[in-house]
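In the working numbering, the protein residues as written are 1250 to 1773. For every residue, glycine included, the Cβ atom is placed at its ideal position computed from N, Cα and C.
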Amino acid sequence: MLTKKEKMKSSGKKKGKRIDSRRAIESDMAARRQRFYDSGAPASILMLILFIVLATIILTLNLSIQGTSGNIWPGFKTLLVYGAIMMFLSIGMGLYVAAHQLRIIQNHLRGSVLLACLLIMIVLVRLGVRQDWSAYLIVVPVMITAIMMTIAYSQRFALGLSAFLGMVSVLALAENETITFQEGMGALLATGSGTGIAILMLREIRTRTKLIEVCCVAGIVVFAMTIVLGLWQNKEWQPLLQTGAWGAGGTIAVGFVMQGLLPLIERVFRVCTNMTLLDYSGATRPLLRRLAVEAPGTFNHSWQIGMLSEAAAEAIGANGLLCRVGSYYHDVGKLIKPRYFVENQAENVNQHKELSPTMSRMIIIGHVKDGLELLREYKIPKVLHQFTATHHGTTVVVYFYHEATKKESEDGRAVPDTEFRYPGPKPKTKESAIVMLADAVEGASRAMQEPTPSRIENVVTNMAMVRLQDGQFDECDLTMRELHQIEESLVKSLCGMYHGRIAYPKQEKLAKNQTDKMKTTNAI
Ligand SMILES: [Fe+2]
Ligand SMILES: [Fe+2]
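What follows is the structure in structure tokens.
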């Protein structure tokens, strides 16, 4: 039997535990609330509510007015029904956006642009319906949205968004009493199949006519689907062909319009298509032309890295073109002091001889910052800046670090390697990690006297391992398997590049001198 004192003690302990657990739950709830506010979700929810209200007003504007004559209930009921359907569809869309493109929730400008585009498309559908145009013309706004979303975001996201808009468009068709439910469903099916084909074909835009080609194929699909659905509904041939021609014509017209609007879409959504990348890959671009004239060694080095990194990126399914064009610009900062970089130095001339290792370090590290300034000055697309900023990550300028260590050890002082590290950042994408590795192995294999496949393989493996252990790939989502595939591709490309290069006895001395100089390449 417990005494009264013991009972009080045990109930006190239980009470204490309860208070502790309540405090823990409260602090957990507070942290969750804070995370919710920080995620930008409250503003996005408000925007979604505004979108539902505006979309309902656009869809019911005339219907509500019709209903208000005499009895207000029919008009109010229409408003209520449309509002409820829009709410359910929009909540689904919001959740889909949050799941697949979180940056739209976090960036309110992106969210507003997306919702404004959808509202404009709903207005277009409504105008078409009021003009008694063919129901199959809903393919036009849906196709425009699908192409925009594929270019700006991704194919999967575009599929989701166009499905949402397709359903809202069918809702708008209900206003026209001459359009039957079967016809509305037929228009949705034809639109869905055409849009699906267009999205799947739009993986890359590498040619100027790509959008037109894609929309022509989608137009054929829409036409075929319209005919099949019309035959199913036992329609007459003449109106059937006419409807099919409307749908197909509208889809093809979208291709021409979107081709013209592509630069605007790129600017509004701040994206860079492969076509723009191709534009910036030409050696006649002012900054690349300047690099070729003022730092020909760096220009040549960048071109070789472009080849290496493009092949490596394609080996793992990354964007090869982005890697190639990014490589062309990765070392443009060397334009400011080209003679201080080994690839631009004449025979036996080393500008660093007269400088202290600390001074040399400042010049070498400075080319990253100078490069970024040049990219801004020449208005090079933002997507290419990452290669200049991250191609050295936070690695050590090895050559000058060793020079400094040698000097300082004579004075009995130790030099921390942090003083000789690039400021970063580390690569954040697979593409920038590939360019970092290609840059390192190109310099190292160039310094080899007799590049045999096994030596090249050793150099590539060592360079990759050193960077991996140094944590340079910590911030990008590169897997070990992909790293291995990149290494294999680099070895293959380098073997092809140095195939047939043999060191003759007379060249050995020259090669040795070059090796000393090239050692700095890894560091630079
Ligand atoms: Fe560099
Ligand atoms: Fe480089």
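- Considering only Ala1560, Ile1400, Thr1305, the residue with the shortest C-alpha distance to Leu1513 is Ile1400.
- DSSP links Val1645 through a beta bridge to Arg1670.
- With contact defined as three or more Cβ pairs closer than 8 Å, the region 1608–1617 and the region 1658–1675 are in contact.
- A distance criterion of 6 Å places the beta-carbon of Asp1619 beyond contact range of ligand 1, judged by its closest non-hydrogen atom.
- Assigned with DSSP and collapsed to three states, Ile1454 falls in coil, not helix or strand.
- Going by C-alpha positions, Ser1551 is about 23 Å away from Met1714.
- Per DSSP, Gln1600 lies in no alpha helix (DSSP H) and is assigned neither H nor E.
- Here Ser1383 is near Thr1492, since their CB atoms are less than 7 Å apart.
- Set against 6 Å, the gap from the CB of Asp1580 to the closest heavy atom of ligand 1 is smaller.
- Leu1351: member of the alpha helix (DSSP H) spanning 1351–1355, first to last residue.
- With a cut-off of 6 Å, the C-beta of Asp1688 is classified as near ligand 2, since at least one heavy atom of the ligand falls inside that distance.
- Restricting attention to beta strand (DSSP E) runs no shorter than 3 residues, the region 1292–1340 encloses none.
- Annotated as proximal: Ile1705 and Ser1694, with beta-carbon spacing under 7 Å.
- Minimum Cα-Cα distance from Val1647 among the listed residues Ser1609, Ser1658, Arg1662 corresponds to Ser1609.
- With fewer than 16 other Cβ atoms from the protein chains shown falling within 10 Å of its own Cβ, Ser1270 counts as exposed.
- Beta-carbon to beta-carbon, Lys1675 and Thr1643 are separated by about 6 Å, close enough to satisfy the 8 Å threshold.
- Taking C-beta separations shorter than 7 Å and ignoring five residues to either side along the sequence, the partners of Gly1555 in its chain run Arg1573, Ser1576, Tyr1577, following chain order.
- Non-local beta-carbon contacts of Lys1586 in its own chain, meaning distances under 7 Å to residues more than five positions away in sequence, involve Ile1612 in chain order.
- A Cβ-Cβ distance of about 5 Å is found for the pair Val1391 and Leu1414, placing them in contact under the 8 Å criterion.
- Going by DSSP, His1748 is part of no alpha helix (DSSP H) at all; its letter is neither H nor E.
- Per the C-alpha coordinates, the member of Gln1698, Gln1718, Met1685, Gly1720 positioned closest to Leu1739 is Met1685.
- Residue environment for Arg1452: exposed (fewer than 16 other C-beta atoms within 10 angstroms of its C-beta).
- Going by DSSP, Phe1472 is part of the alpha helix (DSSP H) stretching over 1459–1481.
- Residue Met1697 holds the alpha-carbon nearest to the alpha-carbon of His1748 among Ile1735, Met1697, Ala1273, Val1419.
- Ile1565 and Thr1678 have their C-alpha atoms spaced approximately 13 Å apart.
- The C-alpha of Phe1300 lies about 13 Å from the C-alpha of Met1370.
- Straight-line spacing of the CA atoms in Glu1563 and Gln1508 works out to 27 Å.
- By the Cβ-count criterion, Gly1499 is buried, with 16 or more other Cβ atoms from all chains shown falling within 10 Å of its own Cβ.
- Between Leu1623 and Leu1536 the beta-carbon gap is near 6 Å, inside 8 Å, which marks them as a contact.
- Leaving aside the five residues that flank Cys1464 on each side, the residues in its chain whose CB is nearer than 6 Å to its CB run, in chain order, Thr1500, Ile1501, Val1503, Gly1504.
- Counting only residues of its own chain and dropping the five nearest sequence neighbours on each side, Ile1340 has no CB closer than 6 Å to any other CB.
- Within the same chain, and ignoring the five residues on either side of His1641 in sequence, the residues whose Cβ sits closer than 6 Å to its Cβ are Tyr1671.
- Taking one beta carbon from each stretch, the region 1324–1340 and the region 1289–1306 have 3 or more pairs nearer than 8 Å; the two touch.
- In this structure, Gly1435 is the residue among Gly1435, Ser1293, Thr1522 with its C-alpha nearest to the C-alpha of Trp1481.
- Contact check for Leu1571 against Ser1742 fails: the beta carbons are separated by 7 Å or more.
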